[in-house]
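Asks:
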Amino acid sequence: MTQPMKADAVIVGAGIVGAACAAELAARGMQVTVLDAHGIGGGATAAGMGHIVAMNDSPAELALSAYSRGLWLELAPQLRTRDAFVRCGTLWVAEDEEEWQAARALCAGFAAQHVAAQLLDAHALHECEPALAERMAGGLLIEDDSIVYAPAVAQWLLQEGPDASRIELRLGARAVAVDAGSVTLADGARVKAAHVIVANGIGANALVPSLPMQPKKGHLLITDRYPGLIRHQLLELGYIKSAHHASGTSVAFNAQPRPTGQLLIGSSRQFETTDPAVEMPVLAQMLHRAARYLPALPTLNGIRAWTGFRAASPDGLPLIGPAGASAPGVWLATGHEGLGVTTSLATAKLLAAQITASAAPIPYEPYLPARFARGVCHA
Amino acid sequence: MRDEHAETLRVTVDGKPVDVAAGATIVAALAMRAGLAGTRQSVSGMPRAALCGMGICQECRVTVDGRAHVLACQTLCRDGQVIETGRPR
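Top line first, the protein sequences correspond to chains A and B. In terms of our numbering, the first sequence opens at residue 1 and continues consecutively. In terms of our numbering, the second sequence opens at residue 380 and continues consecutively.
1) Mind listing the chain A neighbours of alanine 403 of chain B? Cutoff is C-beta to C-beta under 9 Å, in chain order.
2) Between A/Gly335, A/Gln262 and A/His336, which lies nearest to isoleucine 303 of chain A when the distance is taken from Cα to Cα?
3) Rounded C-beta distance between glycine 432 of chain B and cysteine 452 of chain B? I'm assuming under 8 Å.
4) Which value, in whole angstroms, describes the spacing of the CA atoms of alanine 108 of chain A and alanine 117 of chain A?
5) Please classify valine 461 of chain B as buried or exposed, where buried requires at least 16 other C-beta atoms within 10 Å of its C-beta.
6) Taking Cβ-Cβ distances shorter than 8 Å, what residues in chain B pair up with threonine 299 of chain A?
7) Mind reading off the beta-carbon distance from threonine 249 of chain A to serine 268 of chain A? Whole number of angstroms is fine, and I expect it under 8 Å.
8) Closer than 9 Å, CB to CB, is valine 422 of chain B near chain A or not?
9) Using 8 Å as the cut-off, can you tell me whether the stretch 298-312 of chain A makes contact with the stretch 16-34 of chain A, which would need three or more C-beta pairs spanning the two stretches below that distance?
10) Taking the C-alpha atoms as reference points, what is the distance between alanine 20 of chain A and valine 148 of chain A?
11) Checking 9 Å against the spacing of the C-beta atoms, do isoleucine 40 of chain A and alanine 14 of chain A come in under that value?
12) Note the first and the last residue of the continuous alpha helix (DSSP H) segment covering phenylalanine 110 of chain A.
13) So, does the CB of threonine 260 of chain A fall closer than 9 Å to a CB anywhere in chain B?
14) What did DSSP end up calling isoleucine 230 of chain A once you bin it into helix, strand or coil?
15) Counting only Cβ-Cβ distances shorter than 7 Å, please list the residues of the stretch 218-239 of chain A near chain B, keeping chain order.
16) Throw me the rounded Cβ distance for the alanine 353 of chain A and alanine 359 of chain A pair, which I believe falls under 8 Å.
17) Under a Cβ-count criterion, where at least 16 other Cβ atoms within 10 Å of its own Cβ denotes burial, should glycine 29 of chain A be classed as buried or exposed?
18) When the Cα atoms are used, what is the spatial distance from arginine 166 of chain A to valine 32 of chain A?
19) Identify, in the order they occur along the chain, each residue of the same chain with its Cβ nearer than 8 Å to the Cβ of alanine 325 of chain A, setting aside the five sequence neighbours on each side.
20) So alanine 191 of chain A and leucine 35 of chain A are in contact, right, with Cβ under 8 Å, and what is the actual spacing, rounded?
21) Kindly indicate if chain A contains any beta-carbon less than 9 Å away from that of arginine 440 of chain B.
22) Just verifying my parser: in three-state terms, what is the DSSP assignment at isoleucine 265 of chain A?
23) Hey, would you say alanine 94 of chain A sits closer than 9 Å to leucine 237 of chain A, going by beta carbons?
24) With distances taken Cα to Cα, identify the nearest neighbour of serine 313 of chain A among A/Met213, A/Leu283 and A/Lys217.
25) Determine, using beta-carbon pairs with one atom in the stretch 305-324 of chain A and one in the stretch 195-205 of chain A, whether at least three such pairs fall under 8 Å.
26) Report the rounded CA-to-CA distance for alanine 105 of chain A versus alanine 111 of chain A, giving the unit in angstroms.
27) State the start and end residues of the unbroken beta strand (DSSP E) segment that holds glutamine 453 of chain B.
28) Determine the contact status of glutamine 270 of chain A and methionine 49 of chain A, defining contact as a CB-CB distance below 9 Å.
29) For glutamate 129 of chain A, which residues of its own chain have a beta-carbon under 7 Å away from its beta-carbon, when the five flanking residues on both sides are left out?
30) What number of angstroms, rounded off, separates the C-alpha of tyrosine 226 of chain A from the C-alpha of alanine 400 of chain B?
31) Have a look at alanine 63 of chain A and alanine 348 of chain A and give me their C-alpha separation to the nearest angstrom.
32) Give me the DSSP bridge partner(s) of valine 441 of chain B.
33) Do threonine 404 of chain B and glycine 459 of chain B have their C-beta atoms closer together than 9 Å?
34) If you draw a straight line from the alpha carbon of arginine 381 of chain B to that of arginine 457 of chain B, how long is it in whole angstroms?
35) Hey, valine 196 of chain A and alanine 186 of chain A: beta-carbon distance below 9 Å or not?
Printed below as a string of structure tokens:
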């Protein structure tokens, strides 16, 4: 099979990361083909919360998430109602004195990097979110954090963005192999391009040998509409601890007010499973945790629960750059774990800077896949 | 044996008192109050009414004593209950 025109770049994966990369390369004048085995934004992009959040587990994580959050705030005025972008802010909730101290440390860490953050004492926290349990010790409000409906934005970037005319989208096209100049599809067809980019989340493990990513399963539940019950994306500060359990099942309180008035409730993390079934014991544990923070939760109607798989790298940072010796000439944009929506726009900038050998807006070295190459020491 | 008066409950539907027999569902009280048991407005603003009567269709959701999205067809009236519909008025 032949193509009418050879693209400059072919991207495997039409999720938020692949879509952002396509839009960025198209903006730089490239002709881009995007392939997806299913539909637009149907993988982790649709399964996640769409929380755009500055995270500071490491300086590199804060640099990437804060820069990317700025890109989202710039993009937001162009987005449609259905993209559901809301700058609702994140409210990190401290349950006790220890977590209050963690909130203060987090605040100082953000301030040092010019990320606006505001400490709230117990009284101010209650004023801010009356639905939270009264015994909470305080909170940290990050006003510029936002939410978005990422599958819709992926569609906008691919089909309606300013340079969408240079993006060719091929859905139902499952990639089975990649090399420096082409992608081979399940039907045997080859899609050729000067640059091949693998951006299909955990699916990248099947295309590029010896990637260090593990699937990290998560559950979410959405409720009926209760407008005004909560106002910010609410997370427990314990999330910072529980999110980093390297094995086993963990849950943490995470609740988002959708623009519809619905509540999106998370979160859970499980390793060593690829079964997408909703597991009632895990869902129950997750909701029990959430009810500890939101006492009204058990009186609400949950209408749907689902799961998804984060592509988790060993150090929690994404893989943005050349795949290296295991797939010479192939580019990677994957391994975003739970921050793919947040960091998608920055990922696209950093990848495009490398592909076009132009100046990067922030250093891209911390995210280079080469850090996992055999023989490279990564503390 | 309870007398006949004890079998009557009074609830409030959209601010108006409605007397119902003990054992009546909220959807019955709505029908007594409004005739056609209008319950809510859809997200796009269409008037909705109870349909299946067996807790499946979700069209009979009303607010009961401040709690939103209670299924009127699956909930029995209690004396003093405050029922609010979201139907167009």
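Where a beta carbon is used, it is the ideal one built from N, C-alpha and C, also for glycine.
Replies: In terms of the structure at hand:
1) The premise fails here: alanine 403 of chain B is roughly 23 Å from chain A at the closest Cβ pair, so nothing lies under 9 Å.
2) Distance check between isoleucine 303 of chain A and each of A/Gly335, A/Gln262 and A/His336 places A/Gln262 closest, using alpha-carbon atoms only.
3) Contact holds; Cβ gap of about 5 Å.
4) Rounded to whole angstroms, the separation of the alpha carbons of alanine 117 of chain A and alanine 108 of chain A is 9 Å.
5) Exposed, because fewer than 16 other Cβ atoms sit within 10 Å of the Cβ of valine 461 of chain B.
6) Residues of chain B passing the Cβ test: Arg446.
7) Right, their Cβ atoms sit about 7 Å apart.
8) By the rule that beta-carbons nearer than 9 Å mark a contact, valine 422 of chain B touches chain A.
9) With a cut-off of 8 Å, the stretch 16-34 of chain A and the stretch 298-312 of chain A do not count as touching, because too few Cβ pairs lie within range.
10) The alpha-carbon separation between alanine 20 of chain A and valine 148 of chain A amounts to approximately 14 Å.
11) In this structure, isoleucine 40 of chain A lies near alanine 14 of chain A, with their beta-carbon atoms less than 9 Å apart.
12) Unbroken alpha helix (DSSP H) run through phenylalanine 110 of chain A: 97-112.
13) Threonine 260 of chain A counts as touching chain B.
14) It is coil, neither helix nor strand.
15) Close to chain B, meaning a Cβ-Cβ distance shorter than 7 Å, are the following residues of the stretch 218-239 of chain A: Asp224 and Tyr226.
16) Correct: roughly 7 Å between the Cβ atoms.
17) Exposed, by the Cβ-count rule.
18) About 6 Å.
19) Result list for alanine 325 of chain A: Ala373, in chain order.
20) In the sequence on display, residue 191 of chain A carries valine and not alanine. Rounded to whole angstroms, the Cβ separation of valine 191 of chain A and leucine 35 of chain A is 7 Å, and the two are in contact under 8 Å.
21) At least one chain A Cβ lies under 9 Å of arginine 440 of chain B.
22) Strand, per DSSP.
23) Contact flag set, yes.
24) When each option's Cα is compared against that of serine 313 of chain A, the closest is A/Met213.
25) Short answer: they touch.
26) Alanine 105 of chain A and alanine 111 of chain A: Cα-Cα distance of roughly 10 Å.
27) Note, glutamine 453 of chain B: premise wrong, no beta strand (DSSP E); not H, not E.
28) The Cβ-Cβ distance between glutamine 270 of chain A and methionine 49 of chain A does not fall below 9 Å.
29) Taken in chain order, the residues that qualify are Leu91, Ile230, Arg231, His232 and Leu234.
30) Their Cα atoms are separated by approximately 31 Å.
31) Going by the C-alpha atoms only, they are around 15 Å apart.
32) B/Val449, per the DSSP bridge assignment.
33) In this structure, glycine 459 of chain B does not lie closer than 9 Å to threonine 404 of chain B by Cβ.
34) For arginine 381 of chain B, the predicted model reports a pLDDT of 49, less than 50, meaning its position is unreliable and no value from the coordinates is stated.
35) No, the Cβ-Cβ distance between valine 196 of chain A and alanine 186 of chain A is not below 9 Å.
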